[in-house]
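Presented below is the structure to which this report refers.
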Amino acid sequence: MNFKLLGIVFMVSLYFVKPVSGQNDGDMAVDLIIESLADRLADDFDYTELTVRLNFYHKHPININKASRQQLSELIFLSPLQINALTNHIKENGDILELSELQSIEGFDLETIRKFSPFVSVGSFNSLKPLALSDLTKKGNHDLMFRFGKVLQAQQGYLIPDTSQGNRYLGSPARMLLRYRYHYGQNLTASFNMEKDAGEPFIQRKRISGFDFYSGNIFFKNVGRFTRIALGDYSLQFGQGLSLWSGLGIGKGAEVAGIAKQDMGLRPYTSSNEALFFRGGAATVQIGKLFYTPFVSYNFIDGALAGSADMDKINSINISGLHRTPTEKANKSSASQLVLGNALQYDSKNLDIGLTAYYTEFNHAFEKGRSLYNQFNFSGKSLTNTGINYSYTTKNNYFFGEASHSLNSGFALLNGVLTSLSPKVSSVFLYRNYSKNYHSFYNQAFSEGTTAINEKGFYSGLVIKPLSKLEMTTYFDVFTFPWMKFRVDAPSKGYELSSQLVYTYSKKLRVSARYRLQVKEENDEAEETVNTLEQTKRQNLRIDLNFKVGESFTLRNRAEVSEYKKGIWHSENGYLAYQDLIYNPMQSKLSGNFRFAIFDTPGFDSRIYAYENDVLYSYSSPAYQNSGVRYYFNIRYTLKKGIDLWAKYSLTSYTDLEEIGSGLDMINGNKKSEIKLQLRYQF
-2 MNFKLLGIVF MVSLYFVKPV SGQNDGDMAV DLIIESLADR LADDFDYTEL TVRLNFYHKH
58 PININKASRQ QLSELIFLSP LQINALTNHI KENGDILELS ELQSIEGFDL ETIRKFSPFV
118 SVGSFNSLKP LALSDLTKKG NHDLMFRFGK VLQAQQGYLI PDTSQGNRYL GSPARMLLRY
178 RYHYGQNLTA SFNMEKDAGE PFIQRKRISG FDFYSGNIFF KNVGRFTRIA LGDYSLQFGQ
238 GLSLWSGLGI GKGAEVAGIA KQDMGLRPYT SSNEALFFRG GAATVQIGKL FYTPFVSYNF
298 IDGALAGSAD MDKINSINIS GLHRTPTEKA NKSSASQLVL GNALQYDSKN LDIGLTAYYT
358 EFNHAFEKGR SLYNQFNFSG KSLTNTGINY SYTTKNNYFF GEASHSLNSG FALLNGVLTS
418 LSPKVSSVFL YRNYSKNYHS FYNQAFSEGT TAINEKGFYS GLVIKPLSKL EMTTYFDVFT
478 FPWMKFRVDA PSKGYELSSQ LVYTYSKKLR VSARYRLQVK EENDEAEETV NTLEQTKRQN
538 LRIDLNFKVG ESFTLRNRAE VSEYKKGIWH SENGYLAYQD LIYNPMQSKL SGNFRFAIFD
598 TPGFDSRIYA YENDVLYSYS SPAYQNSGVR YYFNIRYTLK KGIDLWAKYS LTSYTDLEEI
658 GSGLDMINGN KKSEIKLQLR YQF
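Mapping of the sequence shown onto our numbering: position 426 corresponds to residue 423, and the numbering continues sequentially without gaps.
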């Protein structure tokens, strides 16, 4: 395929686009934030909750002079010290009249203001409307969206005939999502999601299975003493995520100040992830400075069961939400989960204290695995969790922490401080200690591991802004794992170092460089019953250049190299380089972006992740692995006011493979391409 010709055709087509009314610069603002967080999220992370929130505030800007601390924290990129500095500035100096005044507030550098400005206003756009039932249909905003996606090459799991007794995919390779959102000001929202993953049945031999996953809720704000009411599917986010945190959770990354979680309390669940959310009812009642949140949930989970018919036990839980094969289908909703609990928060000017306690019960008991590393895993049918969290602001210091206990088992503790040493220097320190027998099914605290168990560590970070256009961030995290882990047959230790330099020359030019080093211990390569440990080392060096050409085009370049070493024998080196062309005029029916990337990473261990643009609410950070090229087109077109169409086509061509993937996902050949189509209707 002639890639050069494709690029020329794309650019020429953009040249003939005629401007029309309607702004779409909000997409760029959201993309900027998502990309800055992408390195802290799993490659299969669902960005829906965050993108829905940011797009809503771009369309309905927050009144900066009336916003609460919690509302400002929903923007996720503001640190507690920045929020405190902003609210104190307004109290001492009165309302902000122009957003340019933000430059006079400590902690609000050019990069922060650039992210912040699209979501706030000095006007009254976010004033709450009185809830009048007669106006629900007249003044409410509706958002209906349908998404379709498909890998175009035939994968092995779809080629196996229906008559085969072997493992196969039961449905088509199409992925479909139907999503509806309703907003009445900021007092009332409603949502409904329906999703089918690739390989799941939908229509089969005149039998309609329907969507595989359904989710919905109705959410109220500020109804009398009730600050929030949720009916249906919802999330709970309290403290630092040790005891109780579901939904969106951000971990360790280049933005040092972001490690201090800012709890959101009760929120509607808007993601298409099929696990780790609550289904039932919850409410938050305000009594003075106290906020009380009782909640109840009853939901089904996908459990791998074993044992007799009368005494089935749960060996493991599948949180992927995939029900493609006969085994996955049989495990769907095989166990039930009841959750009852309460959260009490005291919120004053500088001090917040929270208490959580909840009870979880399953209809089947959990059974420990037979390996040594999982001997401290949860077993039984019920679990009670309790926790206390706090945050305290004094001058330029923000203290935060949480202690949690799973009754009849272990404890977990986290404490940290974020401090502004001067207008140009800030730092953060965090200590954590999670016992190997601490249990929580809703645990998203800061950790090196997947969950906050079996870990001790100390994190220190530093942010230096020697010039208004220059920012330097670095962190060092040292950690130990007191007990064994998967593929680690002894207690182990490690550390991570990351440094980043960002130079924002102007609104049109931004340059950044980042170095990251991670050292851990894993089993050696010998095929033994018990392995000895070897040191593994991963290093990445990345350079980014963003340059805006005129008012409509942006060029985004990246070059990254990676190195992986294990012991003295195993070593891999890889690289990735890409060129992005982004077309996003202030007023146009058409916007889009194009990427062309080349990569050479010998294996899985030297893989490189890179965030890439996608259709609205669908972002991804695929792993570039092996050797080849990848390109994609992503286009948005406004058919008419309120109706938008997105289309994305991507292709990866490998030079060193004759088969892509393995098992049921295997493709015969060296090319993998994918198409996505999305239609949104707002009325």
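Note that the Cβ used here is the ideal one computed from N, Cα and C, for glycine as well.
Member of the options whose CA lies at the smallest distance from the CA of residue i
{"i": "Ser97", "options": "Phe235, Leu498 and Phe113", "result": "Phe113"}
{"i": "Ala257", "options": "Gln283, Asn219, Ser317 and Asn386", "result": "Asn386"}
{"i": "Gly377", "options": "Lys346, Lys310 and Thr383", "result": "Lys310"}
{"i": "Lys462", "options": "Ser317, Asn434, Tyr500 and Glu358", "result": "Tyr500"}
{"i": "Leu552", "options": "Asn667, Leu542 and Glu560", "result": "Leu542"}
{"i": "Asp474", "options": "Asp209, Asp486, Met173 and Lys517", "result": "Lys517"}
{"i": "Ser268", "options": "Ala303, Asp260, Phe288 and Asn214", "result": "Asn214"}
{"i": "Arg431", "options": "Met142, Ser406 and Thr416", "result": "The displayed chain sequence assigns Tyr, not Arg, to residue 431. The shortest C-alpha separation from Tyr431 is found at Ser406."}
{"i": "Glu548", "options": "Ala301, Arg513, Leu167 and Leu506", "result": "Leu506"}
{"i": "Ile102", "options": "Trp480, Ser417 and His86", "result": "His86"}
{"i": "His320", "options": "Pro170, Ser65, Pro115 and Phe680", "result": "Pro170"}
{"i": "Ile350", "options": "Asn360, Lys365 and Ser388", "result": "Ser388"}
{"i": "Phe408", "options": "Ser424, Asn270, Val253 and Thr381", "result": "Thr381"}
{"i": "Ile314", "options": "Glu271, Ile565 and Leu287", "result": "Glu271"}
{"i": "Phe443", "options": "Asn520, Lys638, Gln259 and Pro58", "result": "Gln259"}
{"i": "Tyr472", "options": "His361, Ile59, Glu252 and Ser188", "result": "Glu252"}
{"i": "Gly564", "options": "Ala523, Phe544 and Leu578", "result": "Ala523"}
{"i": "Trp480", "options": "Glu493, Leu459 and Glu452", "result": "Glu452"}
{"i": "Leu418", "options": "His361, Phe397, Ser212 and Gly458", "result": "Gly458"}
{"i": "Lys249", "options": "Val425, Phe143, Leu156 and Gln162", "result": "Val425"}
{"i": "Arg276", "options": "Gly236, Lys218 and Leu337", "result": "Leu337"}
Residue range of the unbroken beta strand (DSSP E) whose run includes residue i
{"i": "Ser670", "result": "Lys668 to Gln679"}
{"i": "Ser70", "result": "That residue, Ser70, is in no beta strand (DSSP E); its alpha helix (DSSP H) goes Arg66 to Ser70."}
{"i": "Glu325", "result": "That residue, Glu325, is in no beta strand (DSSP E); its alpha helix (DSSP H) goes Pro323 to Asn328."}
{"i": "Tyr614", "result": "Counting along the chain, Tyr614 falls outside any beta strand (DSSP E), and DSSP gives it neither H nor E."}
{"i": "Lys534", "result": "Leu530 to Val546"}
{"i": "Thr683", "result": "Residue 683 cannot be examined here, being either before or after the span of the chain that is shown, -2 to 680."}
{"i": "Asn382", "result": "Gly377 to Thr391"}
{"i": "Ile686", "result": "The structure shown has nothing for residue 686, since the chain only spans -2 to 680."}
{"i": "Thr598", "result": "Leu587 to Thr598"}
{"i": "Glu399", "result": "Asn394 to Ser403"}
{"i": "Phe217", "result": "Phe210 to Val220"}
{"i": "Thr224", "result": "Phe223 to Gln234"}
{"i": "Asp687", "result": "As displayed, the chain neither begins before -2 nor continues past 680, which places residue 687 out of reach and without an answer."}
Inter-residue CB distance, residue i and residue j (contact presumed, cutoff 8 Å)
{"i": "Ser647", "j": "Arg627", "result": "7 Å"}
{"i": "Tyr456", "j": "Leu427", "result": "4 Å"}
{"i": "Asn339", "j": "Pro291", "result": "5 Å"}
{"i": "Leu746", "j": "Val119", "result": "Given a span of -2 to 680 for the chain in the structure shown, any question on residue 746 remains unanswerable."}
{"i": "Ala607", "j": "Arg555", "result": "7 Å"}
{"i": "Ala400", "j": "Gly384", "result": "7 Å"}
{"i": "Ser482", "j": "Tyr370", "result": "With the sequence shown as reference, residue 482 is identified as Lys, and Ser is not the correct amino acid for it. Rounded, the Cβ-Cβ distance is 6 Å, consistent with contact."}
{"i": "Gly224", "j": "Thr186", "result": "The residue asked about is misnamed: residue 224 is Thr in this sequence, not Gly. The pair is not a contact, with the Cβ atoms about 14 Å apart (cut-off 8 Å)."}
{"i": "Ala594", "j": "Tyr572", "result": "About 11 Å separates the two Cβ atoms, so there is no contact after all."}
{"i": "Arg172", "j": "Lys147", "result": "7 Å"}
{"i": "Thr48", "j": "Tyr614", "result": "5 Å"}
{"i": "Phe596", "j": "Tyr621", "result": "4 Å"}
Cβ of residue i within 8 Å of any chain C Cβ
{"i": "Ile200", "result": "Protein chains in the displayed structure number just one, and chain C is not present."}
Start and end residues, alpha helix (DSSP H) containing residue i
{"i": "Asn422", "result": "The sequence shown places Val at residue 422, not Asn. No alpha helix (DSSP H) contains Val422, which is instead part of the beta strand (DSSP E) from Val422 to Tyr431."}
{"i": "Ala442", "result": "Note, Ala442: premise wrong, no alpha helix (DSSP H); not H, not E."}
{"i": "Leu245", "result": "First-last for Leu245: undefined, no H or E at that position."}
{"i": "Ala254", "result": "Per DSSP, Ala254 belongs to no alpha helix (DSSP H) and is neither H nor E."}
{"i": "Asn554", "result": "Careful: Asn554 lies outside any alpha helix (DSSP H), inside the beta strand (DSSP E) at Phe550 to Lys563."}
{"i": "Lys56", "result": "Thr45 to Lys56"}
{"i": "Lys88", "result": "Pro77 to Asn90"}
Report task. Taking 8 Å as the threshold, find out whether the stretch 451 to 466 comes into contact with the stretch 100 to 107 through three or more Cβ pairs. Result -> yes
Requested in this report: Decide if the stretch 327 to 340 is in contact with the stretch 291 to 302; the criterion is three or more beta carbon pairs, one per stretch, under 8 Å apart.
Outcome: yes
Query raised in the report: What runs of the beta strand (DSSP E), each 3 residues or longer, lie entirely inside the stretch 117 to 196?
Result: 138 to 148, 172 to 181 and 185 to 193
Query raised in the report: Is it true that the stretch 438 to 445 meets the stretch 231 to 245, where meeting means three or more beta-carbon pairs spaced less than 8 Å apart?
Result: Yes: at least three Cβ pairs fall under 8 Å.
Report task. Kindly confirm or deny that the stretch 71 to 89 and the stretch 221 to 229 touch, where touching means at least three C-beta pairs closer than 8 Å. Result -> no
Query raised in the report: Would the stretch 628 to 638 and the stretch 652 to 669 be scored as touching if the rule is three or more Cβ pairs under 8 Å?
Result: no
Query raised in the report: At which residue ranges does the stretch 450 to 508 contain complete beta strand (DSSP E) runs of 3 or more residues, listed in the order of the chain?
Result: 452 to 464, 467 to 478 and 489 to 503
Report task. May I ask you to verify whether the stretch 531 to 546 touches the stretch 507 to 514, counting CB pairs closer than 8 Å and requiring at least 3? Result -> yes
Report task. Counting only runs of 3+ residues fully inside the stretch 278 to 303, write out the beta strand (DSSP E) ranges in chain order. Result -> 287 to 303
Query raised in the report: Enumerated in chain order, which unbroken segments of the alpha helix (DSSP H) with a length of 4 residues or greater are wholly contained in the stretch 333 to 366?
Result: none
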